[in-house]
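Colleague: Numbering (the UniProt record's numbering), first residue to last: 1 to 603.
One structure coming up, written as structure tokens, with questions to follow.
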């Protein structure tokens, strides 16, 4: 049976007789040609503008255009808040940022999920209240499961997450009756997800058999049972999953072959081996070479074995904590440890902590090692210099004399300007020191002397690096035109710290508007009655300007016509309306007709 489709037809009536000699066919043809040419020009202009990147607002012709808004967001990652209230209310565009901040795994690849949700009208007031949206997200990245505690109770969502990334299993509670299904799906996606299976299930022989059939299909496909006491089975399993040594039988924990296989891929599994094998030097060496921290589990005798301990601290300097006291006093061992991790100096003997070369090595490799050095080393100028070269804030642990040492402090503030905080008051008033600090980090201006907070060059350097450091400048500098403009160009938030008299300087105010700031509410009446000033900012500010103009201006009909024309050319409006849209299309795009496809986008 055939169906009849109704198609809407638009008829445009154009009066071509608005010419003095309207009865002349050539004039009629000229009018038609001109109209057609202008509309073609308007369409080209519209298409070009549609491809532009908009920084501060969408022109009225695009702000209610769903397709344009979504494409702009897809290309540039922002702009949803520039959409009309109608679009934001109906489709939740503005909630993208909320979800992005909520979830650390929310990345650019989720734009597609968000866009699909918006296009299909399934986007809720709160993203996580919408099951389909969350499903879409975890299908893009299973690790996003962490972001929604409610989703962890939803079998389908959890399954989708582990199918995308098996490691998402680590967020799943094993109390659900569907946990086994989820765990097996995770293992099928990534065999290493086995490490996130709960201990109860790891000790379940039926579950382990199913898991191993997924991981080792060739070896276990025909197996009918799994047994942690079977050497043949466990020898194969611990070769890849050494941590399972925890669950093998006591007999296998005493089996050298099994334990050796386990520690080769999981050094810390040595902690589950028998005492005899924890005292086996070959096994211990393999374990600490795989994971230096495994030194914790070797026997007391081997914690005193230099070869074993050297192998451990080469891999993990802080394993020095588990070495014998004798080896914590062994220079070769300690030097190896602090070279790998300077903070391991903390675990060395006091005698070693007095060794200048060892301490120098430590502070050169770790930003925190000066904190654990002995006081006599903290008083050593060369040691402190080496420390602040690595991290300026280690100046905090230097003695009073070195906090007043110009070279030491200059080195510190060069690395981290905020280390000026720990400098002496004398050096906080040293112009070169402070300039160096604020150039590295403008906010270090807060620690400068009052005199230098009033130094124009110092303050300019600070606000060039961080505009909001204007907060720490003197009141006089907060009134300085160049300082304030420099700060605003770096960070518009600096405006709230400014004490500049904008009303006396329309040109400067115009520069501020050009930065894209929304500061008109602070503008004085004098500026808003200045015709030339208003005309200048009309294109930049757009329609919102009309709500701020005083009556004495709005009553000037001739000027308001001129001002309105300027505003129309910007395309900026406070809120979308069909009337403003039509005005813009007539005025800026020569009345071009774009067909029903545009109407469908806008409604």
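For each residue, glycine too, the CB sits at the ideal point set by N, CA and C.
Go through its chain and collect everything with a Cβ distance to residue 372's Cβ below 6 angstroms, but skip five positions before and after it.
Modeller: In the chain shown, the residue the question calls residue 372 occupies position 372. Shown here for residue 372: same chain residues with a beta carbon closer than 6 angstroms to its own, the five before and five after excluded, namely 345, 346 in chain order.
Colleague: Thinking C-beta only, is residue 481 closer than 7 angstroms to residue 464?
Modeller: Mapped onto the chain shown, residue 464 falls at position 464. Mapped onto the chain shown, residue 481 falls at position 481. No; because the gap between Cβ atoms is not below 7 angstroms, this pair is not in contact.
Colleague: Among 575, 574, 543, 531, which residue has its Cα nearest to the Cα of residue 555?
Modeller: Mapped onto the chain shown, residue 555 falls at position 555. When each option's Cα is compared against that of residue 555, the closest is 531.
Colleague: Quick one: Cα of residue 197 to Cα of residue 266, how far?
Modeller: Mapped onto the chain shown, residue 197 falls at position 197. Mapped onto the chain shown, residue 266 falls at position 266. For residue 197 and residue 266, the distance between alpha carbons rounds to 17 angstroms.
Colleague: Give me the Cα-Cα distance between residue 588 and residue 42, rounded to the nearest whole angstrom.
Modeller: As a position in the chain shown, residue 588 is number 588, starting the count at 1. As a position in the chain shown, residue 42 is number 42, starting the count at 1. Using only the alpha carbons, I get a separation of about 7 angstroms.
Colleague: Using the rule of at least 16 other Cβ atoms within 10 Å of the residue's Cβ for burial, across every protein chain shown, is residue 361 buried or exposed?
Modeller: As a working mapping, residue 361 is identified with position 361 in the chain shown. Residue 361 comes out buried.
Colleague: Quick one: grab the DSSP three-state call for residue 232.
Modeller: Looking up residue 232 in the chain shown gives position 232. If DSSP states are grouped into helix, strand and coil, residue 232 belongs with the helices.
Colleague: At what residues does the alpha helix (DSSP H) containing residue 226 begin and finish?
Modeller: For the purposes of this step, residue 226 is taken as residue 226 along the chain shown, with counting starting at 1. Note, residue 226: premise wrong, no alpha helix (DSSP H); not H, not E.
Colleague: Decide if residue 257 is buried, meaning its Cβ has at least 16 other Cβ atoms within 10 Å, or exposed.
Modeller: Translated into the one-based positions of the chain shown, residue 257 becomes position 257. The residue is exposed, with fewer than 16 neighbouring Cβ atoms inside 10 Å.
Colleague: I'd like the span of the alpha helix (DSSP H) that includes residue 557, first residue to last.
Modeller: Here residue 557 refers to the residue found at position 557 of the chain shown. Element bounds for residue 557: 557-570.
Colleague: My understanding is that residue 366 touches residue 342, with C-beta atoms under 8 angstroms, so please give their C-beta distance in whole angstroms.
Modeller: Locating residue 366 in the chain shown gives position 366, where the first residue counts as 1. Locating residue 342 in the chain shown gives position 342, where the first residue counts as 1. Right, their Cβ atoms sit about 3 angstroms apart.
Colleague: Given residue 473, which residues of its chain have a CB within under 6 angstroms of its CB, disregarding the five upstream and five downstream residues?
Modeller: Here residue 473 corresponds to residue number 473 of the chain shown, with the count starting at 1. 453, 459.
Colleague: So, are the CB atoms of residue 374 and residue 336 less than 7 angstroms apart?
Modeller: Translated into the one-based positions of the chain shown, residue 374 becomes position 374. Translated into the one-based positions of the chain shown, residue 336 becomes position 336. Cβ atoms of residue 374 and residue 336: not closer than 7 angstroms.
Colleague: How far does the alpha helix (DSSP H) with residue 464 in it reach, from first residue to last?
Modeller: Along the chain shown, one-based indexing puts residue 464 at 464. DSSP places residue 464 inside the alpha helix (DSSP H), whose first and last residues are 456-465.
Colleague: What residue range is occupied by the uninterrupted alpha helix (DSSP H) comprising residue 262?
Modeller: Here residue 262 is taken as the residue at index 262 of the chain shown, counted from 1. That run of the alpha helix (DSSP H) goes 256-265.
Colleague: Relative to the alpha-carbon of residue 226, which residue among 447, 253, 72, 209 has its alpha-carbon at the smallest distance?
Modeller: Within the chain shown, the letter at position 226 stands for residue 226. It is 209.
Colleague: Do you know whose CA, among 31, 27, 32, 39, lies nearest residue 585's CA?
Modeller: Counting from 1 along the chain shown, the entry for residue 585 is found at position 585. It is 39.
Colleague: Taking all protein chains shown into account, decide if residue 173 is buried (16 or more other Cβ within 10 angstroms of its Cβ) or exposed.
Modeller: In the chain shown, residue 173 corresponds to position 173, counting from 1. The residue in question, residue 173, is exposed, as its Cβ has fewer than 16 Cβ neighbours within 10 Å.
Colleague: In whole angstroms, give me the CA-to-CA distance for residue 223 and residue 179.
Modeller: Working through the chain shown from its first residue, we reach residue 223 at position 223. Working through the chain shown from its first residue, we reach residue 179 at position 179. Answer to the nearest angstrom: the Cα atoms are 23 angstroms apart.
Colleague: Counting C-beta neighbours from all protein chains within 10 Å, is the total for residue 66 16 or more, i.e. buried, or is it exposed?
Modeller: Here the question's residue 66 lines up with position 66 in the chain shown. Its Cβ being crowded by 16 or more others within 10 Å, residue 66 is buried.
Colleague: Between 339, 370, 340, 323, which has its C-alpha nearest residue 349's C-alpha?
Modeller: Here residue 349 refers to the residue found at position 349 of the chain shown. Ranking 339, 370, 340, 323 by Cα distance to residue 349 puts 323 first.
Colleague: Between the Cα of residue 301 and the Cα atoms of 185, 326, 313, which residue gives the shortest distance?
Modeller: Numbered from 1 along the chain shown, position 301 holds the residue referred to as residue 301. Taking only the C-alpha atoms, the option nearest residue 301 is 326.
Colleague: Per DSSP, what kind of secondary structure is residue 589 in: helix, strand or coil?
Modeller: Here residue 589 refers to the residue found at position 589 of the chain shown. Here residue 589 sits in coil by DSSP.
Colleague: Might you give, ordered along the chain, the residues of its own chain that have their beta carbon closer than 8 angstroms to the beta carbon of residue 381, omitting 5 neighbours on each side?
Modeller: On the chain shown, position 381 is the one that residue 381 refers to. Answer for residue 381: 402, 405, 408, listed in chain order.
Colleague: So, for residue 59: in the same chain, excluding its five sequence neighbours on each side, which residues have a beta-carbon less than 6 angstroms away from its beta-carbon?
Modeller: The residue given as residue 59 occupies position 59 in the chain shown. Once the five neighbours on either side are set aside, the close Cβ partners of residue 59 are 571.
Colleague: Should residue 121 be labelled buried (16 or more other beta-carbon atoms within 10 Å of its own) or exposed?
Modeller: Position 121 of the chain shown holds residue 121. For residue 121, the predicted model reports a pLDDT of 40, less than 50, meaning its position is unreliable; a value from the coordinates is still stated below. The residue is exposed, with fewer than 16 neighbouring Cβ atoms inside 10 Å.
Colleague: Using the C-alpha atoms, what's the distance from residue 191 back to residue 202?
Modeller: For the purposes of this step, residue 202 is taken as the residue at position 202 of the chain shown. For the purposes of this step, residue 191 is taken as the residue at position 191 of the chain shown. The straight-line gap from Cα to Cα measures roughly 14 angstroms.
Colleague: To the nearest angstrom, how far is it from the Cα of residue 29 to the Cα of residue 591?
Modeller: The residue given as residue 29 occupies position 29 in the chain shown. The residue given as residue 591 occupies position 591 in the chain shown. Distance between the alpha carbons of residue 29 and residue 591: 19 angstroms.
Colleague: Return helix, strand or coil for residue 51, following the three-state DSSP convention.
Modeller: Residue mapping note: residue 51 aligns to position 51 of the chain shown, counting from 1. Three-state DSSP puts residue 51 in coil, outside helix and strand.
Colleague: I need the DSSP call for residue 354, collapsed to helix, strand or coil.
Modeller: In the chain shown, the residue the question calls residue 354 occupies position 354. In this structure, residue 354 counts as coil in the three-state DSSP scheme.
Colleague: Rounded to whole angstroms, what's the CA-CA distance from residue 369 to residue 363? Just pull it up for me.
Modeller: Position 369 of the chain shown, counted from the start, is the residue given in the question as residue 369. Position 363 of the chain shown, counted from the start, is the residue given in the question as residue 363. Using only the alpha carbons, I get a separation of about 5 angstroms.
Colleague: Within its chain, find whatever has a CB closer than 8 angstroms to the CB of residue 486; leave out the 5 residues flanking it on each side and keep chain order.
Modeller: Taking the first residue of the chain shown as position 1, residue 486 is located at position 486. Around residue 486: 460, 463, 464, 467.
Colleague: Excluding the 5 residues preceding and the 5 following residue 580 in the sequence, name in chain order all residues of the same chain whose CB lies nearer than 6 angstroms to its CB.
Modeller: One-based indexing of the chain shown puts residue 580 at position 580. Once the five neighbours on either side are set aside, the close Cβ partners of residue 580 are 60, 573.
Colleague: With DSSP run on the structure shown, which of helix, strand or coil describes residue 367?
Modeller: Translated into positions along the chain shown, residue 367 becomes position 367. If DSSP states are grouped into helix, strand and coil, residue 367 belongs with coil.
Colleague: Applying the 10 Å Cβ sphere with the 16-neighbour rule, what's the burial state of residue 416?
Modeller: Counted from its first residue, the chain shown places residue 416 at position 416. Per the 10 Å Cβ criterion, buried.
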